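Residue numbers (full-length UniProt numbering): 1 to 753.
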Amino acid sequence: MEDLIQLITSNEEWLMYRILQYAKAREYTKYTSTLVEAWRLSISGLSESFIIGLKKYKGIPELTPDEDYSKDPVAAFGILEAQRHRSRGITLSMFLGLMKYYRQSYIDLVSSSKFDEGKKDLYIKYLNLFFDRLEIGFSSEWCNISENKIIEDLQSMNRTMTNEKNKYLTIFDSMNTPIFFLNLHNKIENLNHATSEYFDFCKTSGEKYYETVKKDTELYFLKDEVKEFIESNKEKIEFEKYILTKKGNVYFQVKMKRMLDVSGKFFGTVVILNDLTELRNTSESLKQSEQRYKNIVKDQTEFITRFTSDGTHTFVNDAYCNYMGMKREELIGKSFFSFLPKEDRKKLKSILDSLTITNPIKEIEHRYILDGKIRWLHWINRAIFDDDGNLFEYQAVGRDITDKKRIEEELKESEEKYRELVENANSIILKFDNEGRILSMNEFGLKYFGYSEKELIGKNGIGTIIPKIDSSGKDLKKLINNMINFESEYQSNINENIKKNGQRVWVHWTNKPLKDDQGNIHGILCVGTDITERKKAEDKIKELNETLRILNKILRHDILNDLTIVLTVCDLMGDVNPKLKEKASRALEKSINLIERIRELEQAIISGENVQKVEINKVILEVIKNYPEIDFKVTGQCEICTDEAIFSVLDNIIRNAIIHGKTKKIDIDIIRTEKMCKVRIADYGIGIPDNIKHRIFEEGFSYGNHKSTGLGLYIVKKIVERYGGAIKVEDNTPKGAIFTIIYPTLESKNIVC
Numbered sequence: 001m002e003d004l005i006q007l008i009t010s011n012e013e014w015l016m017y018r019i020l021q022y023a024k025a026r027e028y029t030k031y032t033s034t035l036v037e038a039w040r041l042s043i044s045g046l047s048e049s050f051i052i053g054l055k056k057y058k059g060i061p062e063l064t065p066d067e068d069y070s071k072d073p074v075a076a077f078g079i080l081e082a083q084r085h086r087s088r089g090i091t092l093s094m095f096l097g098l099m100k101y102y103r104q105s106y107i108d109l110v111s112s113s114k115f116d117e118g119k120k121d122l123y124i125k126y127l128n129l130f131f132d133r134l135e136i137g138f139s140s141e142w143c144n145i146s147e148n149k150i151i152e153d154l155q156s157m158n159r160t161m162t163n164e165k166n167k168y169l170t171i172f173d174s175m176n177t178p179i180f181f182l183n184l185h186n187k188i189e190n191l192n193h194a195t196s197e198y199f200d201f202c203k204t205s206g207e208k209y210y211e212t213v214k215k216d217t218e219l220y221f222l223k224d225e226v227k228e229f230i231e232s233n234k235e236k237i238e239f240e241k242y243i244l245t246k247k248g249n250v251y252f253q254v255k256m257k258r259m260l261d262v263s264g265k266f267f268g269t270v271v272i273l274n275d276l277t278e279l280r281n282t283s284e285s286l287k288q289s290e291q292r293y294k295n296i297v298k299d300q301t302e303f304i305t306r307f308t309s310d311g312t313h314t315f316v317n318d319a320y321c322n323y324m325g326m327k328r329e330e331l332i333g334k335s336f337f338s339f340l341p342k343e344d345r346k347k348l349k350s351i352l353d354s355l356t357i358t359n360p361i362k363e364i365e366h367r368y369i370l371d372g373k374i375r376w377l378h379w380i381n382r383a384i385f386d387d388d389g390n391l392f393e394y395q396a397v398g399r400d401i402t403d404k405k406r407i408e409e410e411l412k413e414s415e416e417k418y419r420e421l422v423e424n425a426n427s428i429i430l431k432f433d434n435e436g437r438i439l440s441m442n443e444f445g446l447k448y449f450g451y452s453e454k455e456l457i458g459k460n461g462i463g464t465i466i467p468k469i470d471s472s473g474k475d476l477k478k479l480i481n482n483m484i485n486f487e488s489e490y491q492s493n494i495n496e497n498i499k500k501n502g503q504r505v506w507v508h509w510t511n512k513p514l515k516d517d518q519g520n521i522h523g524i525l526c527v528g529t530d531i532t533e534r535k536k537a538e539d540k541i542k543e544l545n546e547t548l549r550i551l552n553k554i555l556r557h558d559i560l561n562d563l564t565i566v567l568t569v570c571d572l573m574g575d576v577n578p579k580l581k582e583k584a585s586r587a588l589e590k591s592i593n594l595i596e597r598i599r600e601l602e603q604a605i606i607s608g609e610n611v612q613k614v615e616i617n618k619v620i621l622e623v624i625k626n627y628p629e630i631d632f633k634v635t636g637q638c639e640i641c642t643d644e645a646i647f648s649v650l651d652n653i654i655r656n657a658i659i660h661g662k663t664k665k666i667d668i669d670i671i672r673t674e675k676m677c678k679v680r681i682a683d684y685g686i687g688i689p690d691n692i693k694h695r696i697f698e699e700g701f702s703y704g705n706h707k708s709t710g711l712g713l714y715i716v717k718k719i720v721e722r723y724g725g726a727i728k729v730e731d732n733t734p735k736g737a738i739f740t741i742i743y744p745t746l747e748s749k750n751i752v753c
């Protein structure tokens, strides 16, 4: 019997539709449940009772006259079903007739099976006895029920059904979606409370039951749609529509569905209205937002694309299309890997595969091949994951960096050339940071100082290649700091350095501060040249000059003393020999004048070491104090770069004008232009003959009754020229001479004193 059990349990759906077909054909459905599920449950209960009977009787359940069917598990289901139908007002004959079609449905199932004829006959016989037992059971129970019991059961069922109806009506009325039930004539049969929020059919819950909605009330705002739906014979439809309500114009989703009883007979229409106004507004806002986003993305100058894990484009913006020289439809569905050099594809795929939910972003630079040329692009790639953590796609924002890459390559080549130049230079080239630490030094410098790169890099320059105190006792501990903080004063400098072996050397340094984009100094670049031998030579010359200066001073002092004695003796000689006395006095005066000129020359040489900024008008005012008997007129002012010898220059010119030119008046004009400072000294004496004007600045040249050594104006010219100046002479009007000294202004040549 197992195959029979298997046949029945696996075909309960078929049995349900079979009995329903018989019930519709024989019009039993108008007295029974209109719910398909109720028929399904009845088949399930019958099948279960059938299986119980098979297991109990172990064969065909024959009938006996003394059986108590109320205790028979097979008959129990029939008795229970009979009670339910009886309480709904179904008569015994009606229920018994329906049960005959249940019997026929099961027999039809066996008859249509693939069992052999012998099995079919056996199983049909078993089914007939099963249903006989079932029918005898509920028929005998039904006949023994009193009339009062039947009425009592009917009343109980009525109350139950009323309660059930009220429960469903409460649920129906509590729904916040307007719902209408229309009858066969498309008039409103029922409606829930939610309709009153939008329409004036009813005002309060339950009013339908008190006939406040007229029977001929139509769903006026959907009249045409309802009519069209009924005529279409469709089971259900959905559409959206604006409907004028108490709340204004509301956008509804309208659902219409035919109501059919279990026999398939149409008995009305249900209309459900879902208010989509807020959703539609939100949707419209979202659409507008999406459109704005699309417009932004579309108008972006940077490239924006989305692609799947195999590189297939799913979205590209206009900038990307224009760059690629392709239409959007040509790019969508095409993998961007096809634009990459083959050797780059695996690496890029590996980078993209490494992105995770916790680390979804990666910046990448890689090559593209466009029109046969290599281009470089910079991309910011983001992996996008769904709610389950699965990779959905990638989004990338990029730009072309080909020019940047080219510049980087050129800079790299330039740096390599520079590095080669630095390493092969015959000068010391090094870099300090702000703390004085050595950042780098070329090969020449390392060999010069005797260090390896490992020994020197990172060490402070003070105490390694720069002594803290030089040989003369000068403190050099702040030298590097001063080079950074006082860059204009340390564009170049000469200082003593020290090699690894302790040897002291002299180096001339040219220094350039290293600055960042904001102009902040972060280090200093120094280029040095060894001048040790030159320094030794200069020191030797200084030593010799000092010796000569001392000898000159001694000689000048002794000779001057001796000449003074001789001059005194001449004065004491009286009128012994006036001519001889005058000749001797003139020779003595010439010798004293020569000594004075030599002293001035020495002073000029020494003073050249103390160059400073001088206000020339102040120097002139000091000089003219020595000549109170002369009428001076001084105008103007100017600053020049010179030394203390300028005093001797001015004094020499003024003294010559007085002694040789016999002037009583001198005008001095200081004239400043953009590039020059002119000192014009005009006297009103006898002047200088034209035939000797071009020779007066020559060494040893002299003229006039008071012929001197010829060193005065020569010294003047040399001192003026030493600082880029010039001197010239010309006639004054109506008489006399004009000496003009010309110096460059401080601004004209960026002179620093």
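All C-beta atoms, glycine included, are put in the ideal place defined by N, C-alpha and C. The structure presented is a predicted model; accordingly, all values stated were derived computationally and were not measured.
Secondary structure within the UniProt domain "PAC" (237 to 288): the beta strand (DSSP E) runs of 3 or more consecutive residues, fully enclosed, are 248 to 260, 266 to 275 (chain order).
Glutamate 644 and asparagine 691 have their C-alpha atoms roughly 33 Å apart. Methionine 94 has no beta-bridge partner at all, per DSSP. Residue range 361 to 370 is occupied by the beta strand (DSSP E) that includes tyrosine 368, with no alpha helix (DSSP H) assigned at that position.
The Cβ neighbour count for methionine 175, taken over all protein chains shown within 10 Å, is under 16; the residue is labelled exposed. A straight-line Cα-Cα distance of about 37 Å links arginine 680 and isoleucine 541.
Alanine 645 sits in coil when the DSSP states are folded into three classes, being neither helix nor strand. Within the model, the alpha-carbon separation for alanine 319 versus aspartate 400 is close to 11 Å. In the structure shown, arginine 103 adopts helical secondary structure according to DSSP, grouped into three states. For proline 65, there is no enclosing alpha helix (DSSP H), since its DSSP letter is neither H nor E. Looking only at Lys120, Lys125, Cys526, Asp631, the smallest Cα-Cα distance to serine 440 is reached by Cys526. Annotation for glycine 528: Ile428, Val507, Trp509 place their beta carbon closer than 6 Å to its own, counting only its chain and skipping 5 residues before and after. Listed as beta-bridge partners of serine 335 by DSSP are Thr312.
Within the DSSP secondary-structure output, arginine 437 pairs in a beta bridge with Asn460. Short of 7 Å from the beta carbon of phenylalanine 130, and not among the five residues preceding or following it, lie these beta carbons of its own chain, in chain order: Phe50, Gly53, Pro61, Val74. Taking a contact to require three or more Cβ pairs closer than 8 Å, the region 86 to 103 and the region 138 to 155 qualify as touching. Taking each of Asn652, Phe336, Thr358 in turn and checking the Cα distance to leucine 348, the smallest one comes out for Phe336. Note that the region 178 to 198 does not touch the region 276 to 286; fewer than 3 beta-carbon pairs, one per stretch, sit closer than 8 Å. About 11 Å separates the beta carbons of tyrosine 394 and phenylalanine 315, which is beyond the 8 Å limit, so they are not a contact pair.
In terms of CA proximity to serine 309, Leu391 leads the group Glu231, Leu391, Lys247.
Counting only runs that start and end inside the UniProt domain "Histidine kinase" (646 to 747), the alpha helix (DSSP H) elements of at least 4 residues fall at 646 to 659, 712 to 722. Taking the CA atoms as reference points, threonine 532 sits about 5 Å from valine 505. Rounded to the nearest angstrom, the Cβ distance from threonine 312 to glycine 333 is 6 Å, consistent with a contact under 8 Å. Taking the Cα of histidine 366 as reference, the smallest distance to any Cα among Pro360, Lys675, Ser354, Asn381 is reached at Asn381.
Annotated three-state conformation of histidine 185 is coil, per DSSP. Judged by DSSP secondary structure, glycine 118 falls within the alpha helix (DSSP H) whose first and last residues are 117 to 143.
In this structure, the straight-line span from the alpha carbon of tyrosine 723 to that of serine 414 is close to 41 Å.
Of the residues assessed, valine 614 falls on the buried side of the cut-off, its CB having 16 or more other CB atoms within 10 angstroms. When DSSP reads this structure, serine 492 sits in a beta bridge with Thr510. Aspartate 683 is classed as buried because its beta carbon has at least 16 other beta carbons within 10 Å across all chains shown.
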